[in-house]
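Read the structure below first, then the notes.
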Amino acid sequence: MNYRALVIGAGIGGMQAALDIADSGYEVFLVEKDPSIGGHMAQLSETFPTLDCSQCILTPRTVEVGQHPNIRLLTLSEVVAVESGARPESEGTLTPALSQGERGGHFRVRILRHPRYVVEEKCTACGDCAKVCPVVVPNEFDRGLAARRAIYIPHPQAVPAVYRLDPNACLGLFPLACGKCGEACERQAIDYDMAPETVEVDVDAIVVATGYELYQEEAVMAYAYMDHPDVMDGLEFERLLSASGPTGGKLVRPSDGKVPKEVVFIQCAGSRNPEHGLPYCSKICCMYTAKHAILYKHRVHDGQVYVFYIDIRAGGKGYEEFVTRAMEEDDTVYIRGRVSKVFPRDGKVVVWGVDTLTERKVEIAADMVVVAAAIVPSARSRRLAEVLGIGVDEFGFYTASDAEMTPVESGVPGVFLAGAGLGPQDIPETVAQASGAAAKVLVFFEAEKAKRRKDTDRQD
Amino acid sequence: MGIPYYPGCTLSTKAKNYDRSGRAVAAALGGDGRFELEELAEWQCCGATFPLMLDDSMALIAPTRILYQAQQAGERVATLCAICFNVLRRSQALLKRDPEMLERINWFTEQEYRGDVTVVHFLEVLRDDVGWEALAERVVRPLTGMRVAPYYGCLLLRPYEEIGLDDPEDPVILHDLVRALGAEPVDFPYNIECCGSYLTVKDPQVSETLSKDVVASAREHGAQVIITACPLCQFNLDYPQRETEAGRTGNEIPVLYFTQLMAVALGLPEETWGFEDHYVDPGQTLRVSENP
Amino acid sequence: MRVQLSIDKVRGPFVARVEEISGQDLLACNQCGKCSAGCPVVAAMDLLPNQVIRMAQLGMEDVLECNTIWICASCLTCVTRCPKGVDLPRLMEALRQIALRRGVAKLDLAALPPELLKEVPQLAIVGGFRKYMR
Chain P
1 MNYRALVIGA GIGGMQAALD IADSGYEVFL VEKDPSIGGH MAQLSETFPT
51 LDCSQCILTP RTVEVGQHPN IRLLTLSEVV AVESGARPES EGTLTPALSQ
101 GERGGHFRVR ILRHPRYVVE EKCTACGDCA KVCPVVVPNE FDRGLAARRA
151 IYIPHPQAVP AVYRLDPNAC LGLFPLACGK CGEACERQAI DYDMAPETVE
201 VDVDAIVVAT GYELYQEEAV MAYAYMDHPD VMDGLEFERL LSASGPTGGK
251 LVRPSDGKVP KEVVFIQCAG SRNPEHGLPY CSKICCMYTA KHAILYKHRV
301 HDGQVYVFYI DIRAGGKGYE EFVTRAMEED DTVYIRGRVS KVFPRDGKVV
351 VWGVDTLTER KVEIAADMVV VAAAIVPSAR SRRLAEVLGI GVDEFGFYTA
401 SDAEMTPVES GVPGVFLAGA GLGPQDIPET VAQASGAAAK VLVFFEAEKA
451 KRRKDTDRQD
Chain U
1001 MGIPYYPGCT LSTKAKNYDR SGRAVAAALG GDGRFELEEL AEWQCCGATF
1051 PLMLDDSMAL IAPTRILYQA QQAGERVATL CAICFNVLRR SQALLKRDPE
1101 MLERINWFTE QEYRGDVTVV HFLEVLRDDV GWEALAERVV RPLTGMRVAP
1151 YYGCLLLRPY EEIGLDDPED PVILHDLVRA LGAEPVDFPY NIECCGSYLT
1201 VKDPQVSETL SKDVVASARE HGAQVIITAC PLCQFNLDYP QRETEAGRTG
1251 NEIPVLYFTQ LMAVALGLPE ETWGFEDHYV DPGQTLRVSE NP
Chain R
2001 MRVQLSIDKV RGPFVARVEE ISGQDLLACN QCGKCSAGCP VVAAMDLLPN
2051 QVIRMAQLGM EDVLECNTIW ICASCLTCVT RCPKGVDLPR LMEALRQIAL
2101 RRGVAKLDLA ALPPELLKEV PQLAIVGGFR KYMR
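Top to bottom, those sequences are chains P, U and R. Oh and the first sequence: position 187 is 187 in the numbering used here, straight run, nothing missing. Basically the numbering used here = 1-based index in the second sequence + 1000. Basically the numbering used here = 1-based index in the third sequence + 2000.
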């Protein structure tokens, strides 16, 4: 055993697990498919129920991960194959930096590293390259509300603080069509000849923390979600709220930049819908919708929020009081009933719904509609599960070997699970599970060490 | 020197028997007349409802005047009528927490009510000043074996924060009184359910449904007598049981004021009992038990 | 027919008036239904007590047309049990007051049996006049 761990996914869950293992003195490979770490939490404006600034509580972790001597961060990377079985020294296609003395783990993991086209060690994130890039495309981090260049950094606090050239947006790499960014870079950090590379690492434990995405199926989102600029999902709304977002935290309609005065939130969009969507509850939407209502009202004092709901799920510590605050202190009108239709009219977005408590059908001419889309696992979870030999359910969420008693164990020895990849969860649960999975890794390591000590003693 | 007493309009007219039995009982409690009910020198109607709207100060003038009149007589004022009690107790609580309102009313009435009078119901005097044991010692004719259903109604107990006389969901004060008199209190689920109150003069059929449910429940649980502390409850429970062209069912239960029951148990003369004003004659039940 | 909701309705003058007279934060009610469960006169009401406060929350002025607010006996059972401490009797009174001040009158002594009027304790008449008339 080499007592190394691999953590797949560098959102808050993956980072927490990596930090816990690394702080214990063990080496960790942290693999992340995106160019920077932090996951969706980095996109949030504030977190419930404390309303802490998300970046403020996240950035110390991302920086620590980036600088930790025991963490080897591999961004723009994904796990493509895993062989398991204890193995002695043997050959493999390793890059020199990773080859020395690192053989002998239980899992040999093959990691595909996509080219960044920017040399990490040389880039200072000065931004000269982006200034001259002629290509403008929507910025994924801002959920399409803002633009970026083909060469870009996802957001100013990104870790690693290194630019990336998006090969799909670039005018052409083979042959080189433009080359302006390379010319502009004083440090000559841009390398158009970078190629994908595969590295192999040997580890003894793996933590899977690949997180979630929001459900995008248009068929269910019959709320004109995809079409209208003023109809959006929760993460887009977070970017509007965020002080470091595309509008600097000014809550305005994407369509005309005006401040929305009547805002409708629709909960359970795609969730709790066995017939046309997903049967399960996405758990966090009642809370983040209440959060959105509160934050909206803080910015737009003369605005009005309506929330269409079926039930309110607020079971965590302080959660019920948080939703009550949205109702009482921020005058949020909660309407128990579903929305049947959303359509544009005269510059507004008309919402047709029902208030079952008064048995009346209602119509609201809203300035903005925010839809709480269902939580689904990260797109490649099924493939990763196959690679690792762990279980997934019909929705692609990883399955623990026993939902009650071993919630962070996959059932495959040495492979542990944490975070929203298991199912919808909030940040406190994710962090707790991540530490739980890290603890399991350490148990795994320590148990092995204890066994070896015992065997050695017996030999004496 | 007894306790300043506010009878209220109904006890002076339609419910004289409550007033009469109350005063007689108070005088018979000993303590050198310490518990005697001494009518205020001057008083007027309390208004019969405590105003629930916040933008109307006029409705508080009558209760405040009564409190002023009580202030002239002493530190506290006692009532028998539960509705008067509710109005005065809540008014006093309001004036205590809203000195601006007190000032405004004093300005209007040109009377200086200082805001310090304590409003008590006579049941509190019995429980806290006399004590159930001391009361039991004075019982001459214990009502042994009599099954008495204490009916509390609404305004004697609610709202708990301002009235605070007893547990609003599970009260015991009338139960304890019944035991002190030697009788057996009957628990029944409708003991705190509304009798219909003022609906009697607006939707009498609704009110009658409510009161009939109360009486039926008491009967189902074995009550021979129902006692109450409110003249409107007494009327609402008694009146629908009156003799009509349809005749009587024979299941009627007399509805007494608690002071009437006390008058019997304390051995006071029959003219203090006030049985003449009832629709269901209590004499049947009480006199039978009186002569074993 | 859909009811139009906007800030002018849900936080408009009618809601403001109701909140002013009752002193209650209408949105504190989360519609749990405890009030309706314990109300003794629900059988005679067209709207449940929680539906009355719901309509008030949404600024639906036609709540004044229900019979519920006039059947309410102010027995105070609802407020004793409300988990949010919403004073529904005060809300009922506020709605009655708004209707009464607009000229509605709900007491008709002439329609009562004369014998009842003769016998009923006068506090019922005094109270009835104050609650159901202006």
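Just so you know, even glycine gets a beta-carbon here, dropped at the ideal spot from N, CA and C. Computed from a prediction, not measured in an experiment: that's the story for all the values here.
- Beta-bridge partners assigned by DSSP to I71/P: V28/P.
- For the segment 1215-1241 of chain U, the beta-carbon criterion of a distance under 7 Å to any beta-carbon of chain R is satisfied by P1231, L1232, F1235 and Y1239.
- For R345/P, none of the residues of chain R pass the 7 Å Cβ criterion, the least Cβ distance being about 13 Å.
- Contacts with chain P (Cβ-Cβ distance below 8 Å) from the segment 2006-2028 of chain R involve S2006, I2007, V2010, R2011, D2025, L2027 and A2028, listed in chain order.
- Chain P places no beta carbon closer than 9 Å to that of Q2097/R, leaving this residue out of the contacts.
- Annotation: the continuous alpha helix (DSSP H) that includes W1132/U extends over W1132 to E1137.
- Not a single C-beta of chain R is nearer than 9 Å to the C-beta of Y319/P.
- As a beta-bridge residue in DSSP terms, Q2004/R pairs with E363/P.
- If the five residues before and after A189/P are omitted, its C-beta is found closer than 7 Å to the C-beta atoms of V118, V119, K122 and C123, all from its own chain and listed in chain order.
- For V1264/U and E1270/U, the gap between their C-alpha atoms comes out near 8 Å.
- Only residues of its own chain outside the window of five on either side were considered, and among them L1157, V1172 and I1173 have a CB closer than 7 Å to the CB of D1166/U, listed in chain order.
- When secondary structure is reduced to three states using DSSP, S2036/R falls in the helix class.
- The C-beta of K258/P comes no closer than 9 Å to any C-beta of chain R.
- In the structure shown, Y3/P falls within a coil segment according to DSSP collapsed to helix, strand and coil.
- Under a 10 Å Cβ-count criterion, G1196/U is classified as buried, with 16 or more other Cβ atoms of the shown protein chains found around its own Cβ.
- For P1004/U, the uninterrupted beta strand (DSSP E) segment begins and ends at I1003 to Y1006.
- Judged by their CB atoms, C2072/R and V2041/R are nearer to each other than the 9 Å cut-off.
- Neighbourhood of I2071/R in chain U, by CB distance below 8 Å: L1199, D1203 and V1206, in chain order.
- The beta-carbon of R2102/R is placed no less than 9 Å from the nearest beta-carbon of chain U.
- At a C-beta separation below 7 Å, A17/P has no neighbours in chain R, since its nearest C-beta there lies roughly 38 Å away.
- What L357/P touches in chain R, judged by beta-carbon distance under 8 Å, is Q2031, N2050, Q2051 and R2054, going in chain order.
- Contact residues of the segment 1044-1062 of chain U toward chain R are C1045, G1047, A1048, T1049, L1052, M1053, L1054 and D1055 (C-beta to C-beta distance below 7 Å).
- Proximity of V2003/R to chain P, defined by a Cβ-Cβ separation below 9 Å, is satisfied.
- When CB distances to chain R are screened at a threshold of 8 Å, not a single residue of the segment 1022-1033 of chain U falls below it.
- Shown here, T1200/U sits in a helix according to DSSP, grouped into three states.
- Considering only A18/P, C268/P, V408/P and T47/P, the residue with the shortest C-alpha distance to E64/P is A18/P.
- In the DSSP assignment, P377/P falls outside any alpha helix (DSSP H) and within the unbroken beta strand (DSSP E) covering I375 to P377.
- For the options V201/P, V371/P, D355/P and G270/P, the alpha carbon positioned closest to that of N2/P is the one of V201/P.
- Taking a C-beta distance under 9 Å as the contact criterion, A5/P and D204/P qualify as a contact pair.
- Remark: C-beta atoms of A374/P and Y280/P approach each other more closely than 9 Å.
- For H1121/U, the enclosing beta strand (DSSP E) begins and ends at T1118 to H1121.
- 9 Å or more divides the Cβ of L357/P from the Cβ of N2067/R.
- Counting only residues of its own chain and dropping the five nearest sequence neighbours on each side, C178/P has a CB closer than 6 Å to the CB of L171.
- Residue-level contact check: M2060/R touches chain P, since one or more beta carbons of chain P fall below 9 Å from its beta carbon.
- Spanning the alpha carbons of G182/P and L76/P requires a straight line of approximately 20 Å.
- Residues are counted here when their Cβ sits less than 7 Å from a Cβ of chain R; for the segment 1154-1167 of chain U these are C1154, R1158, P1159 and Y1160, given in chain order.
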